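K.L.:
Residues 316 to 398 (the numbering used here) are what the sequence shown spells out, left to right. What follows is a single structure, and I will ask about it in a moment.
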Amino acid sequence: MADEQDLREQMEDAFGGADYPISSPMDLVPALPNGPGTRFESGDFSMTAMELQTKLPGGDFPYDDVESFVDDVIENLKDEGHI
Numbered sequence: 316m317a318d319e320q321d322l323r324e325q326m327e328d329a330f331g332g333a334d335y336p337i338s339s340p341m342d343l344v345p346a347l348p349n350g351p352g353t354r355f356e357s358g359d360f361s362m363t364a365m366e367l368q369t370k371l372p373g374g375d376f377p378y379d380d381v382e383s384f385v386d387d388v389i390e391n392l393k394d395e396g397h398i
């Protein structure tokens with residue numbers, strides 16, 4: 316089982332370097348340490364940034380800060396049954 320707090324910390328670290336506010340997922344790519352291949356892992360959960368983009372709803376852009384963006388990603392992962 317995935318540790319939600321661990322995933323949240325990984326995502327905040329990876330997406331935190333983006334130039335907020337962000338208006339699309341493409342605004343996040345330059346901040347990712349391994350680009351779209353940046354992987355988030357916890358327990359039995361493993362997904363790249365690109366997989367997050369393709370497997371989750373589009374998000375509620377724009378986002379003013381990393382916390383609100385990651386909150387939505389985590390909620391979408393829960394809603395879709397990934398964690």
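Ideal placement from N, C-alpha and C gives every residue a C-beta, glycine not left out. This one's a predicted model, so the numbers in the text were calculated from it and none came from an experiment.
Can you give me the Cβ contacts of Asp359 inside the same chain, cut-off strictly under 7 Å, excluding the 5 residues immediately before and after it?
P.N.:
Around Asp359: Met316 and Ala317.
K.L.:
Work out the CA separation of Asp386 and Gln320 for me, nearest whole Å.
P.N.:
About 11 Å.
K.L.:
Enumerate in chain order the residues of its own chain whose CB-to-CB distance from Met287 is below 8 Å, with the five nearest sequence positions on each side excluded.
P.N.:
Because the chain spans 316 through 398 in this model, residue 287 falls outside it and cannot be assessed.
K.L.:
Can you list, in chain order, the residues of its chain with a C-beta nearer than 7 Å to that of Leu347? Leave out the 5 residues immediately preceding and following it.
P.N.:
Correct list, in chain order: Ala329, Thr353 and Ala364.
K.L.:
To the nearest angstrom, report how far apart Val344 and Gly373 are at their CA atoms.
P.N.:
Cα to Cα, the separation comes out at about 15 Å.
K.L.:
Which first and last residues belong to the alpha helix (DSSP H) in which Phe376 is found?
P.N.:
Unbroken run through Phe376: none, as it is neither H nor E.
K.L.:
Taking the alpha helix (DSSP H) that Met362 belongs to, which residues open and close that run?
P.N.:
Met362 -> not in any alpha helix (DSSP H); beta strand (DSSP E) instead, spanning Phe360 to Thr363.
K.L.:
So which of Asn391, Phe376 and Phe384 has the shortest CA-CA distance to Gly331?
P.N.:
When each option's Cα is compared against that of Gly331, the closest is Phe384.
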